[in-house]
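Engineer: In numbering that gives the first Met the number 0, the protein residues as written are 0 to 498. Glycine is no exception: its CB is placed at the ideal position from the N, C-alpha and C atoms.
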Amino acid sequence: MKKNPILWLALGGVLLAGCKKDFLDLSPQATSSAANFFQTPSQIEQAVNGAYVPLRDLTNLEYWVYGEMRSDNTSFQYNNTDRGQESQREFVDEFLVSANSESVLSYWQGSYRGISRCNDVLGHVDAVAMTADKKNQYIGEAKFLRAWYYYNLVRQYGGVPLRLESVGSPAEAKSPGRATLDAVYTQIVADLTDAAAKLPTKAAYAAADAGRATKGAATALLASVYLTRKDYPNALTQLRAVRSAGYSLLSSYRSVFDPANKNNAESIFEVQYLGSQPAISSYFTYTFAPYTSGNLVTGDAATRNLNGASGWNIPTPELINAYETGDLRKDASLQLGYKDATGTFVAQPYVSKYNFGIVAPGRTDTDFPVLRYADVLLMQAEVLNEQGYAAGGEAFDLLNQVRRRAGLPDKTAAAVSSQAAFRDAVLQERRVELAFENQRWYDLVRTGRAVSVLNAQGVLEKARKTFLPASAYQVTTNNLLLPIPQYELTLDNLEQNPL
0 MKKNPILWLA LGGVLLAGCK KDFLDLSPQA TSSAANFFQT PSQIEQAVNG
50 AYVPLRDLTN LEYWVYGEMR SDNTSFQYNN TDRGQESQRE FVDEFLVSAN
100 SESVLSYWQG SYRGISRCND VLGHVDAVAM TADKKNQYIG EAKFLRAWYY
150 YNLVRQYGGV PLRLESVGSP AEAKSPGRAT LDAVYTQIVA DLTDAAAKLP
200 TKAAYAAADA GRATKGAATA LLASVYLTRK DYPNALTQLR AVRSAGYSLL
250 SSYRSVFDPA NKNNAESIFE VQYLGSQPAI SSYFTYTFAP YTSGNLVTGD
300 AATRNLNGAS GWNIPTPELI NAYETGDLRK DASLQLGYKD ATGTFVAQPY
350 VSKYNFGIVA PGRTDTDFPV LRYADVLLMQ AEVLNEQGYA AGGEAFDLLN
400 QVRRRAGLPD KTAAAVSSQA AFRDAVLQER RVELAFENQR WYDLVRTGRA
450 VSVLNAQGVL EKARKTFLPA SAYQVTTNNL LLPIPQYELT LDNLEQNPL
């Protein structure tokens with residue numbers, strides 16, 4: 000279904016699931032038409048649950064391909080026995096992706112699938128009798144998710160069509176064309192502002208609803224949007240609000256990602272997976288394992304030949320060397336290799352941040368972090384510095400809270416003695432603290448460093464991978480936006496990004 004947009008349009012988001020036990024339990028229970036489906040609070044809740052599904056799908060693939068592999072943090076393990084993924088992932092890493100790429104299209108369509116489901120909720124919820132608190136919660140969840148989908152779209156494609164109404168027929172499906180960048184961001188801010196006003200706090204949810212969007216999540220995402228737009232006063236207001244909401248750093252960095260510790264005190268929003276159910280399990284452990292490692296990295300005896308399904312999001316030597324001596328985050332996040340069946344060490348780095356064992360063959364239970372408190376601390380440190388460098392001030396304290404948890408000494412004004420130097424220190428800290436969490440690409444673009452950093456990275460990649468074409472890693476400002484999928488250009492008469 001994920002690859003068939005026609006089928007999804009026909010279903011209209013109504014093959015949704017019940018939520019008696021847990022809002023992740025999304026097995027279809029009935030087929031209805033939109034005209035008679037949105038009648039009860041339970042049906043609205045099912046529709047809200049359905050709006051989370053594309054988020055889970057995109058996180059399993061497209062988000063890390065475009066949020067991490069396009070950066071200088073990760074690349075790929077070249078597999079000369081399986082070239083089937085070349086256009087989908089290798090070309091992304093090499094900045095050779097085209098408008099006809101399957102992953103460019105699936106990113107776009109998956110995002111709009113989520114937006115469509117949010118619009119269905121928002122278009123019908125007011126007509127259903129329920130308590131004001133429940134109605135506010137459902138509206139808040141839908142607006143948070145819609146803002147998230149648009150936030151990723153606008154950062155990857157630029158101005159995109161703003162679809163804000165529930166679509167009831169094919170005649171209503173055509174968009175008014177690409178909105179301006181400002182218009183898309185204005186809508187994102189409006190959605191998040193309303194979501195933050197309406198959503199419950201994290202503590203107010205019942206245990207079965209853990210992982211739903213919260214007031215804190217909407218506020219933290221709004222802060223990220225303001226930071227991206229360089230609106231530092233508003234970003235600071237939102238960040239201070241998050242910091243007063245009861246979140247805290249865990250003492251152990253590794254435990255933040257442990258599936259036995261989901262939705263912990265540091266977690267503001269994470270994509271929920273359930274390894275006991277095939278359709279809603281995660282599989283990052285397999286994807287990020289070296290394809291040559293068989294089951295030695297995954298620990299899955301039933302999986303012996305990973306081949307083209309693995310060897311992706313491989314840490315670059317530059318990221319590995321970015322960790323300071325003694326940084327506890329390094330061993331928690333990556334491994335420099337693995338031992339083969341004979342006990343011989345194979346020097347092939349891989350991401351281990353999400354490797355906590357399997358639940359069943361091919362399935363893991365690991366969630367994916369989207370917003371966490373450490374990110375908030377570093378965002379606030381950045382904002383304060385952009386508003387004015389203060390030697391040894393609050394920004395230093397925020398930065399050093401993150402460093403202390405990693406086992407590192409404080410940064411001092413003697414070593415970081417200017418606004419520019421502190422800017423570099425925060426970006427470096429974000430790189431290693433948030434490695435493999437799909438943040439690095441956006442940080443490089445937001446800070447205006449993407450073109451220079453990635454061209455320099457390309458020189459290093461070409462020296463290591465002599466098989467790469469000469470046209471690889473020729474990064475210009477045009478590469479900072481993905482091409483609009485050719486399918487959507489033709490279908491919706493959209494204007495292409497500069498190529």
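Need the endpoints of the alpha helix (DSSP H) that residue 369 sits in, please.
Structural biologist: Per DSSP, residue 369 belongs to no alpha helix (DSSP H); it is in the beta strand (DSSP E), 367 to 371.
Engineer: Kindly identify the DSSP beta-bridge partner or partners of residue 314.
Structural biologist: DSSP, once it has assigned bridges, lists 73 as partnering residue 314.
Engineer: Which stretch, first to last residue, makes up the alpha helix (DSSP H) that contains residue 451?
Structural biologist: Start and end: 449 to 463.
Engineer: At the level of alpha carbons, what is the spacing between residue 120 and residue 53?
Structural biologist: Between residue 120 and residue 53, the C-alpha separation is close to 15 Å.
Engineer: Quick one, which of 498, 163, 310 has its alpha-carbon nearest residue 80's?
Structural biologist: The residue with the shortest Cα to Cα distance from residue 80 is 310.
Engineer: How would you call residue 299, buried or exposed, if buried means at least 16 neighbouring beta carbons within 10 angstroms?
Structural biologist: Looking at its Cβ environment, which holds 16 or more other Cβ atoms inside 10 Å, residue 299 is buried.
Engineer: Pull the bridge partners of residue 269 from the DSSP assignment, please.
Structural biologist: In DSSP, residue 269 forms a bridge with 368.
Engineer: Please look up how many angstroms separate the CB atoms of residue 47 and residue 137, rounded, as I've assumed it's under 8 Å.
Structural biologist: About 5 Å; that satisfies the 8 Å criterion.
Engineer: Take residue 450 and list the residues in its own chain whose beta-carbon comes closer than 7 Å to its own, dropping the five residues that flank it on each side.
Structural biologist: Excluding residues within five positions, the ones whose Cβ falls inside 7 Å are 474, 475, 476.
Engineer: Identify which residue in 241, 483, 38, 448 has its Cα closest to the Cα of residue 266.
Structural biologist: Looking at the Cα atoms, 241 is the closest of the given residues.
Engineer: Could you tell me if residue 468 is buried or exposed, where buried requires 16 or more neighbouring beta carbons within 10 angstroms of its beta carbon?
Structural biologist: Exposed.
Engineer: Starting from residue 489, trace the alpha helix (DSSP H) in both directions and tell me its first and last residue.
Structural biologist: Its alpha helix (DSSP H) spans residues 485 to 491.
Engineer: Bridge partners of residue 362, per DSSP?
Structural biologist: Per DSSP, 359.
Engineer: By how many angstroms is the C-alpha of residue 427 removed from the C-alpha of residue 269?
Structural biologist: If you take the alpha carbons of residue 269 and residue 427, they lie about 23 Å apart.
Engineer: Whose C-beta lies closer than 8 Å to the C-beta of residue 204 among residues of the same chain, with five residues either side of it excluded?
Structural biologist: Once the five neighbours on either side are set aside, the close Cβ partners of residue 204 are 211, 213.
Engineer: Classify residue 254 as buried or exposed, calling it buried when 16 or more other Cβ atoms lie within 10 Å of its own Cβ.
Structural biologist: Under this definition residue 254 is an exposed residue.
Engineer: Report the rounded CA-to-CA distance for residue 134 versus residue 199, giving the unit in angstroms.
Structural biologist: Near 11 Å, if we compare the C-alpha coordinates of residue 199 and residue 134.
Engineer: For residue 158, I'd like the list of residues in its chain whose CB is within less than 8 Å of its CB, leaving aside the five on either flank, ordered along the chain.
Structural biologist: Excluding residues within five positions, the ones whose Cβ falls inside 8 Å are 177, 178, 179, 180, 182, 183.
Engineer: Just grab the DSSP bridge partners of residue 350 for me.
Structural biologist: Answer is 333, bridged to residue 350.
Engineer: Within the continuous alpha helix (DSSP H) that includes residue 279, where are the two ends?
Structural biologist: From DSSP, residue 279 is part of no alpha helix (DSSP H); its letter is neither H nor E.
Engineer: Identify every residue that forms a DSSP beta bridge with residue 338.
Structural biologist: BP columns for residue 338 point to 344.
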